[in-house]
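What follows is one structure encoded as structure tokens, with my remarks underneath.
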Amino acid sequence: MQIPFVDLKAQYKSIQSEIDAAIANVIAETAFISGKYARAFEAEFAEWLGVEHCIACANGTDALEIMMQSMGVGPGDEVIVPACSWISTSETVSFVGAKPVFVDVDRETYLMDPSKIEAKITDKTKLIIPVHLHGQAADMGQIMAIAEKHNLRVLEDCAQAHGATWEGKQVSTFGHAATFSFYPGKNLGAYGDAGAMVTNDEKLAGMARMICNHGQLKKHTHIMEGRNSRLDGLQGAILSAKLPHLDAWTTARQQHAATYDRLLANSGLKTPTVAADATHVYHVYVVEVPEREKVMQALKEAGIAHAIHYPMPLPYLKPYADQQATPADYPAAYDAHTRILSLPMYPEMTTEMIEYVVNTLLTTVRSLAVST
Ligand SMILES: *Cc1c(COP(=O)(O)O)cnc(C)c1O
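At position 25 of the sequence shown (counting the first as 1) the number is 24 in numbering that gives the first Met the number 0, and the numbers step up by one without a gap.
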């Protein structure tokens, strides 16, 4: 059996007529850049989240960078980010001229450990960026309390967590602003690059919208210099067609995760730990395995796609070599990174497929244990 890591074709086939109609409309109206389809998606997504403003842009990386610019984060500032994330979270901090300051993660959830944040706060700290990594909501109760105590702003990176909740409330509604990615493989994915910023702060929203479109809110009325980071009409229409299906897709992901959890219980392998107040929307399903190289080889031979999110924690990447991080600086992130393995996860998977993945994984791990 061949099992892909995600199956975007299966998803397209399940809603083909809706997607094809959406694309045909945009082309018929040649509403290619921003325009009514982008605006419609912004309104629908804001309503779905329960936030006042949504500003769509070209991708999730731009969303982080533009929202930091809108908040006035720049040279001389420090921004607190988790040691485990995709590099967009930290590279955008550097791009606005600020310094990313890493905080270790919780060894169980891989999310930024709130108990380690305060030791990293200095008089230069301006912002905390929690990342709802793998699809699980970070501890927004503790993070917001720390931010309030130190008068810091919070920007939630929700790129992997559309629809995840903390204490029953949607991620993106806790911080001063939040960002999303609609990269095709994300839980809500466009058919190309796309992203969005959301906030209840009207001033931040206005600033972000201006920066996205050359510093203008009205054509040829440039208030400031900005850039070009807009949503294509085609992507807006596709996202609008997909949004009504998102809750059902999330439920399917959660059911698949429960099946994985059940089949892997008592196996000795670590499966995702979900905090009591959090929900997890399983952008990826991460287990920990011994002898990962050998396990990956066996999965590959069995036709099972897999990945690592991510092979190296951020502080140990080359761009941050000047910070001279040692394993003792971020012990949880460092300890986890050689063992984590992401198994296939997408709504259209079948129970049979999950059983095949788990059987292959357990057979491999047991044979390795016998041979050593
Ligand atoms: C995907 C991702 C981004 C960036 O989104 P793009 O749309 O690919 O630019 C940012 N942060 C995290 C955590 C991501 O997973």
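Backbone N, C-alpha and C fix where the C-beta goes; we use that ideal spot for every residue, glycine too.
At a cut-off of 7 angstroms, would you count residue i as near ligand 1, judging by its Cβ distance to the nearest heavy atom?
| i | result |
| --- | --- |
| S89 | no |
| K241 | no |
| A137 | no |
| Q68 | no |
| A163 | no |
| D231 | no |
| V130 | yes |
| N186 | no |
| Q234 | no |
| N58 | yes |
| Y180 | Reading the sequence as shown, one finds Ser at residue 180 and not Tyr. Answer for S180: yes, Cβ within range of ligand 1. |
| I84 | In the sequence on display, residue 84 carries Ser and not Ile. Correct: S84 has its Cβ closer than 7 angstroms to ligand 1. |
| G174 | no |
| A158 | yes |
| G194 | yes |
Reducing DSSP to helix, strand and coil, say where residue i ends up.
| i | result |
| --- | --- |
| A136 | coil |
| Y319 | helix |
| F179 | strand |
| G188 | coil |
| G194 | strand |
| A251 | helix |
| R152 | strand |
| D231 | strand |
| I128 | coil |
| W47 | helix |
| C211 | helix |
| V285 | strand |
| D279 | Checking the sequence, you will find His at residue 279 rather than Asp. Note: H279 maps to strand in three-state DSSP. |
| C159 | Checking the sequence shown, residue 159 turns out to be Gln, not Cys. Q159 falls in the coil class under three-state DSSP. |
| T377 | For the chain, the structure presents residues 0 to 371; residue 377 sits outside this window and is missing. |
| K8 | helix |
| K35 | helix |
| T220 | strand |
| Q1 | coil |
| T121 | coil |
| T164 | strand |
| M111 | strand |
| A204 | helix |
| I54 | strand |
| A306 | strand |
My assumption, with CB atoms under 8 angstroms, is that residue i sits in contact with residue j. Please give the rounded CB distance.
| i | j | result |
| --- | --- | --- |
| F181 | A193 | 4 angstroms |
| G225 | N212 | 6 angstroms |
| M144 | L110 | Correcting the residue type first, residue 144 is Ala in the shown sequence and not Met. The pair is not a contact, with the Cβ atoms about 16 angstroms apart (cut-off 8 angstroms). |
| R252 | P183 | Rounded, the Cβ-Cβ distance is 16 angstroms, inconsistent with contact. |
| L313 | I116 | L313 to I116, Cβ: 16 angstroms. No contact. |
| I79 | I128 | 7 angstroms |
| V294 | V364 | 7 angstroms |
| Y259 | I339 | Not really, about 14 angstroms apart at Cβ, beyond 8 angstroms. |
| L48 | S239 | The pair is not a contact, with the Cβ atoms about 14 angstroms apart (cut-off 8 angstroms). |
| L367 | E290 | 5 angstroms |
Does any CB atom of chain D fall closer than 8 angstroms to the CB of residue i?
| i | result |
| --- | --- |
| E51 | Absent here is chain D; the protein component of the structure consists of one chain. |
*With a floor of 3 residues, list each beta strand (DSSP E) that falls wholly inside the stretch 337-367, ordered by position along the chain.*
339-342
*Starting from the N-terminal side, write out each stretch of the alpha helix (DSSP H) that is 4 residues or longer and does not extend beyond the stretch 66-106.*
87-94
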